[in-house]
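K.L.:
Residue numbers (this note's numbering): 10 to 415.
Built from N, CA and C at the ideal position, the CB exists for glycine as well.
Predicted model only: the values in this text are computed from it and were never measured.
Please read through the structure below; I'll follow up with questions.
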């Protein structure tokens, strides 16, 4: 009987719905955000959605939120104080753009998105950096600040590899509840090796490129940010560039010297925007970008799209096509903060309609304009949504914006 395993998830009573709401629906916060939807709640925290759908709000009781700050998971500036009628602090608020994930870790599913999988992994690595032994099973994934916030429940702890396996599984697949002792030595934690093994197990693309930076490296060595900021792991690993998460609302984009010089020569960016950094003998170009804006490959989108984001993407795609119709956009890097669509393949489309690609490479559209139309159509029709799905009028308007580049 010692080896008999019980699926504990079948015997857990969810009493969350009987917990009193922390914030009343309809309340307007000092910054003008109105609480509209009581989305989910736990014993000492609750999730809400704003009336305009632009924000997700996590309200946490002082004993929980103050512990997050004391143990380093969050900084004070990341939380907003909320007082009751008597002027006493009754909770702290973490306000996140709806484009980012803010939910219980047990509810997260990556839906075959490699970028989303990296987001979850970097959040888990950040939390492990603060406490190697904390129980993340009932934690809250906060993409904006790149962390899994522990809730300090008494739910039995399971291995990090099992937690990540649950995130990769299908919506109705059974929960993996294996503990550290159920794995071979070195396989229970989430590291580069187990990350790739689990990604391969679920038929997803694994990391084949060595990251420029390692988890725990100080960000201040490369860019002037908070002295306490560290690298929490890679989000994208490409031959031309790599994107890294930090323990703040900033990500780092590291470009290869060759790609950066190509972009500068073609007037996409200027050298003044980039900082030169040496990693070993290789020179890179680094830029810090806000996590509140999309930083992603158009071939692997993850940023939750709202209607204004859709229009912004359409305008930026139009500009890219109008200025450089010869370049491939299918796997271009989108920097929403700067309004840039940076191609990784140049001079693909000839003025005579020819397609110029090395042997073995393919392109799915006959022109950059056709690519831009396909990208914006897919974004508006299929998301991933922060608000939506959208009305047909949004798709018609976005496609018209892109088509005006002709």
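Does the contact criterion of 3 or more C-beta pairs under 8 Å hold for the region 77-95 versus the region 115-124?
P.N.:
No contact exists between the region 77-95 and the region 115-124.
K.L.:
For my contact list, residue 102 and residue 68 are in at a C-beta cut-off of 8 Å; report their separation, rounded to the angstrom.
P.N.:
To locate residue 102, count along the chain shown from 1; it is residue 93. To locate residue 68, count along the chain shown from 1; it is residue 59. So it is a contact: roughly 6 Å between Cβ atoms.
K.L.:
Can you tell me whether DSSP reads residue 307 as helix, strand or coil?
P.N.:
Counting from 1 along the chain shown, the entry for residue 307 is found at position 298. Looking at residue 307 - three-state DSSP - the assignment turns out to be coil, as it is neither helix nor strand.
K.L.:
Quick one: is residue 174 buried, meaning 16 or more other Cβ sit within 10 Å of its Cβ, or exposed?
P.N.:
Taking the first residue of the chain shown as 1, we reach residue 174 at position 165. By the neighbour-count rule (16 or more Cβ atoms within 10 Å), residue 174 is buried.
K.L.:
Taking only three categories from DSSP, how would you classify residue 37?
P.N.:
Looking up residue 37 in the chain shown gives position 28. Three-state DSSP puts residue 37 in a strand.
K.L.:
Residues in the same chain with beta-carbon distance under 8 Å from residue 406, minus the five sequence neighbours each way, listed in chain order, please.
P.N.:
Along the chain shown, one-based indexing puts residue 406 at 397. Excluding positions up to five away in sequence, the list reads 320, 323.
K.L.:
At a cut of 8 Å, does the region 127-136 reach the region 245-264 through at least three beta carbon pairs?
P.N.:
They touch, by the three-pair rule.
K.L.:
Starting from residue 255, trace the beta strand (DSSP E) in both directions and tell me its first and last residue.
P.N.:
Looking up residue 255 in the chain shown gives position 246. Per DSSP, residue 255 belongs to the beta strand (DSSP E) from 250-255.
K.L.:
Among all the DSSP beta bridges, which residues are the ones paired with residue 91?
P.N.:
As a working mapping, residue 91 is identified with position 82 in the chain shown. According to DSSP, residue 91 bridges with 100.
K.L.:
Note down, in chain order, each residue of its chain lying with its Cβ closer than 7 Å to the Cβ of residue 300, except the 5 sequence neighbours on either side.
P.N.:
Along the chain shown, read from residue 1 onward, the residue named residue 300 stands at position 291. The residues are 153, 258, 259, 260.
K.L.:
Would residue 242 and residue 220 be called neighbours here (beta carbons separated by less than 9 Å)?
P.N.:
Numbered from 1 along the chain shown, position 233 holds the residue referred to as residue 242. Numbered from 1 along the chain shown, position 211 holds the residue referred to as residue 220. Closer than 9 Å, so yes.
K.L.:
Can you tell me the Cβ-Cβ gap for residue 426 and residue 203, rounded? I've got them flagged as a contact below 8 Å.
P.N.:
Here the chain has residues from 10 to 415 only, and residue 426 is not among them.
K.L.:
Which word fits residue 145, buried or exposed, when buried means at least 16 other C-beta atoms lie within 10 angstroms of its C-beta?
P.N.:
Locating residue 145 in the chain shown gives position 136, where the first residue counts as 1. Classification of residue 145: buried, given that the 10 Å Cβ count is 16 or more.
K.L.:
Measuring only the C-alpha atoms, how far is residue 282 from residue 89?
P.N.:
Counted from its first residue, the chain shown places residue 282 at position 273. Counted from its first residue, the chain shown places residue 89 at position 80. Their backbone Cα atoms lie some 32 Å apart in a straight line.
K.L.:
Let me check understanding here. Comparing Cα to Cα, which of 269, 61, 358, 201 lies closest to residue 278?
P.N.:
Here the question's residue 278 lines up with position 269 in the chain shown. For the residues 269, 61, 358, 201, the minimum Cα distance to residue 278 belongs to 269.
K.L.:
Roughly how many angstroms lie between the CA atoms of residue 176 and residue 129, to the nearest whole one?
P.N.:
On the chain shown, residue 176 is found 167 positions in, with the first residue counted as 1. On the chain shown, residue 129 is found 120 positions in, with the first residue counted as 1. Rounded to the nearest angstrom, the two C-alpha atoms are 8 Å apart.
K.L.:
Of the residues 210, 245, 205, which one's Cα is nearest the Cα of residue 222?
P.N.:
In the chain shown, the residue the question calls residue 222 occupies position 213. For the residues 210, 245, 205, the minimum Cα distance to residue 222 belongs to 245.
K.L.:
Between residue 306 and residue 262, which are expected to be in contact by the criterion C-beta below 8 Å, what is the C-beta distance as a whole number of angstroms?
P.N.:
If you number the chain shown from 1, residue 306 lands on position 297. If you number the chain shown from 1, residue 262 lands on position 253. In fact, because the Cβ distance is near 12 Å, the residues do not count as touching under 8 Å.
K.L.:
Beta carbon of residue 314, beta carbon of residue 388: below 9 Å?
P.N.:
Residue numbering aside, residue 314 sits at position 305 when the chain shown is read from its first letter. Residue numbering aside, residue 388 sits at position 379 when the chain shown is read from its first letter. Closer than 9 Å, so yes.
K.L.:
Would residue 48 and residue 57 qualify as a contact pair, given that the criterion is a beta-carbon distance under 9 Å?
P.N.:
Residue 48 sits at position 39 when you count from the first residue of the chain shown. Residue 57 sits at position 48 when you count from the first residue of the chain shown. Yes, the Cβ-Cβ distance between residue 48 and residue 57 is below 9 Å.
K.L.:
Looking at the structure shown, is residue 169 part of a helix, part of a strand, or coil, going by DSSP?
P.N.:
Residue 169 sits at position 160 when you count from the first residue of the chain shown. Of the three classes helix, strand and coil, the one that applies to residue 169 here is helix, per DSSP.
K.L.:
Cutting at 7 Å between CB atoms, please list the residues of its own chain near residue 331, excluding the five before and the five after it.
P.N.:
What you label residue 331 is simply residue 322 of the chain shown in a count that begins at 1. So the qualifying residues of the chain are 414.
K.L.:
Can you give me the start and stop residues for the beta strand (DSSP E) that residue 320 sits inside?
P.N.:
Start at 1 with the first residue of the chain shown, and residue 320 comes out as number 311. Segment 316-332 is the alpha helix (DSSP H) holding residue 320; no beta strand (DSSP E) there.
K.L.:
Of the residues 402, 364, 181, which one's Cα is nearest the Cα of residue 334?
P.N.:
For this step, residue 334 is matched to residue 325 along the chain shown. Comparing Cα-Cα distances from residue 334 to each of 402, 364, 181, the minimum goes to 364.
K.L.:
So, with DSSP's three-state summary, where would you put residue 141?
P.N.:
Residue numbering aside, residue 141 sits at position 132 when the chain shown is read from its first letter. Correct three-state label for residue 141: coil.
K.L.:
Pick out the complete alpha helix (DSSP H) segments inside the region 208-236, 4 residues or longer, and give them in chain order.
P.N.:
Correct list: empty.
K.L.:
Counting pairs of beta carbons, one from the region 285-302 and one from the region 368-375, are three or more of them closer than 8 Å?
P.N.:
The answer is no - the region 368-375 does not touch the region 285-302, with fewer than three Cβ pairs under 8 Å.
K.L.:
According to DSSP, residue 358 sits in a beta bridge with which residue or residues?
P.N.:
Mapped onto the chain shown, residue 358 falls at position 349. 364.
K.L.:
Evaluate residue 172 with the Cβ neighbour count: other Cβ atoms within 10 Å of its Cβ, from every protein chain shown; 16 or more gives buried, anything less gives exposed.
P.N.:
To locate residue 172, count along the chain shown from 1; it is residue 163. The residue is buried, with at least 16 neighbouring Cβ atoms inside 10 Å.
K.L.:
Just curious, the beta strand (DSSP E) that residue 386 is in, first and last residue?
P.N.:
Taking the chain shown and counting its residues from 1, the one referred to as residue 386 is at position 377. Segment 377-391 is the alpha helix (DSSP H) holding residue 386; no beta strand (DSSP E) there.
K.L.:
For residue 61, tell me which candidate among 53, 91, 55, 106 has the shortest Cα-Cα distance.
P.N.:
What you label residue 61 is simply residue 52 of the chain shown in a count that begins at 1. Comparing Cα-Cα distances from residue 61 to each of 53, 91, 55, 106, the minimum goes to 106.
K.L.:
Kindly indicate which three-state DSSP category residue 339 falls into: helix, strand or coil?
P.N.:
Stepping through the chain shown from its first residue, residue 339 is reached at position 330. Note: residue 339 maps to coil in three-state DSSP.
K.L.:
Spell out a yes or no on whether the region 351-362 and the region 393-409 are touching, meaning 3 or more CB-CB pairs, one atom from each, closer than 8 Å.
P.N.:
Not touching, per the Cβ criterion.
K.L.:
Classify residue 43 as helix, strand or coil using the three-state DSSP reduction.
P.N.:
Stepping through the chain shown from its first residue, residue 43 is reached at position 34. If DSSP states are grouped into helix, strand and coil, residue 43 belongs with the strands.
K.L.:
Just curious, the alpha helix (DSSP H) that residue 302 is in, first and last residue?
P.N.:
Indexing the chain shown from 1 puts residue 302 at position 293. Where residue 302 is concerned, there is no enclosing alpha helix (DSSP H), given that its DSSP letter is neither H nor E.
K.L.:
Quick one: what's got a C-beta closer than 8 Å to residue 325's C-beta in the same chain, skipping five residues either side?
P.N.:
Locating residue 325 in the chain shown gives position 316, counting from the first residue. Closer than 8 Å at Cβ, skipping near neighbours: 343, 345, 348, 349, 350.
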